[in-house]
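Chemist: Could you have a look at this structure, given as structure tokens, before my questions?
Numbering (our numbering), first residue to last: 1 to 139.
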């Protein structure tokens with residue numbers, strides 16, 4: 001089988017197409033969650049913590065003093081952007097929780113009802129005759 005035929009057979013399998021759709025939907029879902037965290041969740045938390053904008057939180061490793069994160073970046077200062085890291089961690093936590101809940105719901109739907117008890121197959125005729133002979137000899 002040629003490589004092209006093998007690839008075509010691989011690509012048109014249902015699992016590969018399902019995976020591709022999942023990746024596309026996952027990317028879009030990630031953008032939605034990022035927007036939720038950055039635009040809806042973090043502003044009230046920042047307000048509760050005294051008007052902190054988490055995106056602008058950083059630690060300057062050079063010991064210098066810069067007005068904003070953007071100014072420090074333009075100056076080429078070595079910085080640790082821990083505010084961006086906090087946003088990313090919250091994004092990850094929300095995405096992980098939603099995926100967990102989705103998988104839990106899918107697994108609940110997949111649970112099959114217990115199968116009805118299967119009747120044992122009929123006893124073969126030779127075994128039935130042997131049992132009759134055994135029972136007759138016991139009498």
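C-beta atoms are modelled at their ideal positions from N, C-alpha and C, and glycine is treated no differently. Note that this is a predicted model, so its numbers are computed, not measured.
Just grab the DSSP bridge partners of residue 59 for me.
Modeler: 80
Chemist: Whole-angstrom Cβ separation of residue 58 and residue 72, contact assumed at under 8 Å?
Modeler: 7 Å
Chemist: Can you determine whether any heavy atom of the ligand GDP sits closer than 7 Å to the C-beta of residue 16, and answer yes or no?
Modeler: Judged by which ligands are present, the structure shown has none, so any question about the ligand GDP falls away.
Chemist: Need the endpoints of the alpha helix (DSSP H) that residue 111 sits in, please.
Modeler: First-last for residue 111: undefined, no H or E at that position.
Chemist: Which same chain residues end up closer than 8 Å to residue 89 when comparing Cβ atoms and leaving out the 5 residues on each side of it in sequence?
Modeler: none
Chemist: Do you know offhand how far residue 6's Cα is from residue 17's?
Modeler: 16 Å
Chemist: Does the Cβ of residue 109 have 16 or more other Cβ atoms within 10 Å, making it buried, or fewer, making it exposed?
Modeler: exposed
Chemist: Quick one, which of 131, 107, 87 has its alpha-carbon nearest residue 36's?
Modeler: 87
Chemist: Within the same chain, show all residues whose beta-carbon is closer than 8 Å to that of residue 81, passing over the 5 residues directly before and after it, in chain order.
Modeler: 57, 58, 69
Chemist: Just to confirm before moving on: does the CB-CB distance between residue 54 and residue 63 stay below 8 Å?
Modeler: no
Chemist: Do you know offhand how far residue 97's Cα is from residue 121's?
Modeler: 48 Å
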